[in-house]
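Those protein sequences? They're chains A and B, same order as listed. Quick note: the first sequence, position 125, residue 125 per full-length UniProt numbering, numbers continuous. Quick note: the second sequence, position 331, residue 331 per full-length UniProt numbering, numbers continuous. Even glycine gets a Cβ: it sits at the ideal position worked out from N, Cα and C.
Number of protein chains: 2
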Amino acid sequence: MSSSKELIGFLSQAHPDLDVLTDATDRAGYETGARYGVGTAAAVVRPAAREQVQAVVAAAQRFGVRLVVQGANTGLVGASTPDAGGEQIVLSTARLKGAIAVDPLNQSVTVGAGVLLSELNTRLAQDGLFFPVDLGADPTIGGMIAANTGGARLLKYGDVRQNLLGVEAVLAEPAGELLDLNRALRKNNVGFDFKQLFVGTGGAFGVVTAATLRVYPLPAQTATALLVPTGVAELEALLLALNAELGDFLSSCEGISREAAQAVVRHLDDVEDPFAEMEGADYAMLVELSSTMPSRAGGLDLEALLMDFLERHYGTLIGNAVVGKPEALWRLRHSITESIRNEGKIIALDLSVPRSRFPAFRAEARALIAARYPWLRIYDFGHLGDGGVHLNMVWPLQDAPAYDEAVASEVRAELYRLTVERFDGSFSAEHGIGPYNERFYRDFTADAVLGHVGAMQSRLDPRRTLSRLWLGKGE
Amino acid sequence: MSSSKELIGFLSQAHPDLDVLTDATDRAGYETGARYGVGTAAAVVRPAAREQVQAVVAAAQRFGVRLVVQGANTGLVGASTPDAGGEQIVLSTARLKGAIAVDPLNQSVTVGAGVLLSELNTRLAQDGLFFPVDLGADPTIGGMIAANTGGARLLKYGDVRQNLLGVEAVLAEPAGELLDLNRALRKNNVGFDFKQLFVGTGGAFGVVTAATLRVYPLPAQTATALLVPTGVAELEALLLALNAELGDFLSSCEGISREAAQAVVRHLDDVEDPFAEMEGADYAMLVELSSTMPSRAGGLDLEALLMDFLERHYGTLIGNAVVGKPEALWRLRHSITESIRNEGKIIALDLSVPRSRFPAFRAEARALIAARYPWLRIYDFGHLGDGGVHLNMVWPLQDAPAYDEAVASEVRAELYRLTVERFDGSFSAEHGIGPYNERFYRDFTADAVLGHVGAMQSRLDPRRTLSRLWLGKGE
């Protein structure tokens, strides 16, 4: 009998209230990732309380079985699905909900790791609050910590790390011990900030069971515009002006390439092309201002401030502007991926560079692709305000060589090298590390860091119970 | 010959360009801390380049000599001064300046660890920018990272951790290796964020030689007011209203007790008592709004928004308000310590609690002191907006028992316990850990954390070369 079968037997007997799925049909939804990762699990266990997580971790450690912790399975690097071996066990945190404890005066909330972002925000809205890390998907809070998600409003609110006040986690060493670091403090400097080990590390150092997050008052007014700068120098000047003049309100500054916008225009009937009469320009900015202060006579009026800004820069920095239809503008931004899906195989890159180097990086990346892989179509977009670049490409189904995974891999590798080595950028800006990109982690991480982090992981998880991810040297 | 003498001999010969101070007069300024810590060093070495830091660390490791890294020596927990043994060597980073490389478009700056906060801000002002971590002292950037300083504008801008994009550090293992993590990225999720090891850890994991920081446009307008809420419930309601209505602009929300304010009034001739006609109230709020947007007709006017806020809440939440004299109001806040210095021996506590628990904590702490140590005078103030509490007391020179260090220690211990165990607070909110409070670190830190962090420190600094601080179990 395999170790995983033994573990399942033990858990079913010792913890009959634990939800254990072994049937292939029941497991299926947990075995395929949102973008990458397809595998087979021996079982899916779904603890509903921290004590059950402790029992599962302790038992998995004892039986030598590897767990794959999974939240809502929305991750994009294959980190939350099992490998093909059929011996790993998915530990789903989906039932780790508990009460959502809002502290309006402290502007914080304590929440179970299995609570969905949408569930959290529904509850927070009752107190006029929200958790502002804004994403296309609906992940669990535990998954957001494991990936340190950033999203489209990082500019104003920061990423998960910047909003994480405390965590509660189950450790592998001592086996199954509960570590309570779930304080709701904004200032707490008492040695190494241990909770950092759980942020952006894909669960490699512990299973987060609950967290305390910083929350914010819901905006009472917003103002949105799509701006097409007249050229590259104007794009840079516009970014500077936005920061200097409207920086207190700037909650989003997204970038959309001409090709990405036009793909959406082709795909959706009711979207207008912002580049229609703009010969030279090829990159647009979606700008969102927001404030907690309600608009009222004599008070703050974001629409008026935005219009004033546009008037001052129209014709010089700005060639075209579409103002005041937030749903339509955000729809343009959010429909890019679905608009290009039918054109072929997508190669999606989650990069970042210093904002000041973005135009040069973009030009070089496009030149590299055009020279070496001329059949690829580029549909780039991203979080312009924070340097995030989703350099997505399509390998077309027609008028192109047949899709070749090895060549696609080479495209990724070349662009990663360009990003990291020539532009001091990141090959994984906000999606984290998983089987999809783990080998690049080893290529691009300093040897001393690999050595030290590997030692840390070995001490915190001596039998590699907690994660598929290995952050040290070698395999 | 002692190891430190050998090391000094070696360094003087092998690195004649290294500034080595052995004379007692030259050393003196490096041997006494700003608040705690008096010792004797074998020498002070003052490297001017990263390569010299690498050489000093490698040699200290080889000769088995402990270094004490020191920036501007403004720390408040005794972490940057040597012990009494005369064998430790102070590694001063004061000459690690180099160029201050500002990237206005990326809103970041790369800076040597020895650059002073004031020097950095003078340079940044040329580009209309500033580094907003605001303190009474003028520390080096390296010292600010080692202590993860917070200060009076954390509410809007965060602490050093939240504004640290990259670091460059010299490691003890491999001995003297330079680790370059000095990227200027806002999104970079590639495994464990190794730079976190250097933040708030007093240099225990490496010597930071340079850093890249996020910077911000200088405010173009501010509005300041001292508000005296009519009572405790009103103080809480006022905090909520400030956040909800003026949250985008709220850069400071400091707390000043009646006793602290009145001590300043007694000490300085030209300061008025905000509590003069306020019988029931005993805690005031210094509120600062700021914006990068210049005030102009039809635009944003913070003074007007603040006046409107005050009018709506005057008489209900607010009992007294002093508006629009920023220098005088900040002088009241910043003169508390000097105003009480002559009354006796100061016992200074740097605590934090969740903001929602502050009034209850304050009441209990005051009751505890009144019951057990009735001769102590309480002059508390703090960073009300972020939960920071400087619960400072004076042990008077007259009409009190003679000062007794053991009793003062007991006072600290009792209040730390109250803060941490009863109010889920921190016993070191923003001053970090040093010899002054290291024993409490061990008392209040989970055993598993002590074990793991000790193992990490042992691996990164196997001979304990880098710091007096030991973050593991035992001594």
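Q.
Assess contact between the region 199–216 of chain A and the region 244–264 of chain A, defined as three or more Cβ pairs (one per stretch) separated by less than 8 Å. Is contact present?
A. no
Q) Roughly how many angstroms separate the alpha carbons of A/ASP248 and A/GLY39, rounded to a whole number? A) 46 Å
Q) Who are the near neighbours of A/ILE340 in its chain, counting only those whose CB is closer than 6 Å to its CB and skipping five residues on each side? A) ALA263, TYR379 and VAL394
Q) First and last residue of the beta strand (DSSP E) that includes A/PHE427? A) Premise fails: A/PHE427 is in no beta strand (DSSP E) and is neither H nor E.
Q: Take the Cβ of B/GLU173 as the centre, count every other Cβ of all protein chains shown within 10 Å, and call the residue buried at 16 or more, exposed below.
A: buried
Q. Taking 8 Å as the CB-CB cut-off, is B/HIS390 touching chain A?
A. No, because no Cβ of chain A sits closer than 8 Å to the Cβ of B/HIS390.
Q. For the region 433–445 of chain B, which residues have a CB atom closer than 8 Å to at least one CB atom of chain A, in sequence order?
A. ILE433, TYR441, PHE444 and THR445
Q: List the residues of chain A whose Cβ lies closer than 9 Å to the Cβ of B/LEU239, in chain order.
A: Within chain A, the residues near B/LEU239 are LEU105.
Q: Count the C-beta pairs between the region 408–427 of chain B and the region 303–320 of chain B that are closer than 8 Å, then say yes if the count reaches three, no if not.
A: These segments do not touch.
Q) Residue range of the alpha helix (DSSP H) that B/LYS5 falls in? A) 3–14
**Q.** Pick from B/MET456, B/GLN13, B/LEU120 and B/GLU51 that is closest to B/ALA101, judged by C-alpha positions
**A.** B/LEU120
Q. Considering only C-alpha positions, which residue in the set A/LEU332, A/ALA244 and A/SER290 is nearest to A/LEU218?
A. Minimum Cα-Cα distance from A/LEU218 among the listed residues A/LEU332, A/ALA244 and A/SER290 corresponds to A/SER290.
Q | Residue nearest to A/GLU421 in terms of C-alpha spacing, selected from B/LEU305, B/THR149, B/GLU303 and B/ASP180 | A | The residue with the shortest Cα to Cα distance from A/GLU421 is B/ASP180.
Q) Where A/ALA147 and A/GLY200 are concerned, what is the direct C-alpha to C-alpha distance, given to the nearest angstrom? A) 4 Å
Q: State the CB to CB distance for the pair B/VAL170 and B/LEU178, rounded to an integer number of angstroms; the pair is presumed to be in contact (CB under 8 Å).
A: Contact flag correct, Cβ pair sits at about 6 Å.
Q: Grab me the residues of residue 476 of chain B's own chain with a C-beta within less than 8 Å of its C-beta, minus the 5 sequence neighbours each way, in chain order.
A: Chain B is shown only over 1 to 475; residue 476 of chain B falls outside these bounds and no answer can be derived.
Q | Length of the line joining the Cα atoms of B/PHE10 and B/LEU18 | A | 11 Å
Q: Alpha carbon to alpha carbon, how far is A/SER252 from A/ALA244? Give it in angstroms, no decimals.
A: 15 Å
Q) At which residue ranges does the region 94–160 of chain A contain complete beta strand (DSSP E) runs of 3 or more residues, listed in the order of the chain? A) 101–103 and 108–112
Q: Round the Cβ separation of B/LEU302 and B/ALA223 to the nearest angstrom and send it over; I've been treating them as touching at under 8 Å.
A: 4 Å
Q | Residues that B/HIS452 contacts on chain A, provided the C-beta gap is smaller than 7 Å | A | ARG459 and LEU460
(Q) In the DSSP assignment, the beta strand (DSSP E) including A/HIS390 goes from what residue to what residue? (A) DSSP places A/HIS390 in the uninterrupted beta strand (DSSP E) bounded by 388–390.
Q: Confirm, please, whether the CB-CB distance from B/ALA79 to B/GLY231 is below 8 Å.
A: no
Q. Ordered along the chain, which non-local residues of its own chain (more than five positions away) have a Cβ less than 8 Å from that of B/ASP138?
A. In the same chain as B/ASP138, and ignoring 5 residues on each side of it, the C-beta atoms closer than 8 Å to its own belong to ALA72, THR74, LEU116, LEU117 and SER118, in chain order.
Q. In chain A, what lies closer than 9 Å to B/ARG355 by C-beta?
A. ASP103, LEU105, ASN106, GLN107, SER108, ALA184 and ARG186
**Q.** Outcome for B/GLY472 when other beta-carbon atoms lying within 10 angstroms are tallied against a minimum of 16
**A.** buried
**Q.** Distance, A/TYR436 Cα to A/GLY382 Cα
**A.** 20 Å
Q: For A/GLU430, return the contacting residues in chain B, with the cut-off set at a CB-CB distance below 7 Å.
A: LYS187 and ASN189
Q. For the candidate residues B/GLU254, B/SER4, B/LYS97 and B/GLU405, whose alpha-carbon lies nearest to that of B/LEU21?
A. Looking from the CA of B/LEU21, the closest CA among B/GLU254, B/SER4, B/LYS97 and B/GLU405 belongs to B/SER4.
Q: Report the three-state DSSP secondary structure of A/ALA446 (helix, strand or coil).
A: coil
Q) If you run the structure through DSSP and keep just helix, strand and coil, what is B/HIS383? A) Of the three classes helix, strand and coil, the one that applies to B/HIS383 here is strand, per DSSP.
Q. At a CB-CB cut-off below 8 Å, which residues of chain B make contact with A/THR201?
A. GLY191 and PHE192
Q. Alpha carbon to alpha carbon, what distance is there between A/LEU240 and B/LEU129?
A. 12 Å
Q.
With a threshold of 8 Å on Cβ separation, who are the neighbours of A/GLN54 within its own chain once the five nearest residues in sequence on each side are excluded?
A. VAL170, GLY176, GLU177 and LEU178
Q) How would you call A/GLN88, buried or exposed, if buried means at least 16 neighbouring beta carbons within 10 angstroms? A) buried
Q: Measure the C-alpha to C-alpha separation of A/ALA94 and A/LEU124 and round it to an integer number of angstroms.
A: 19 Å
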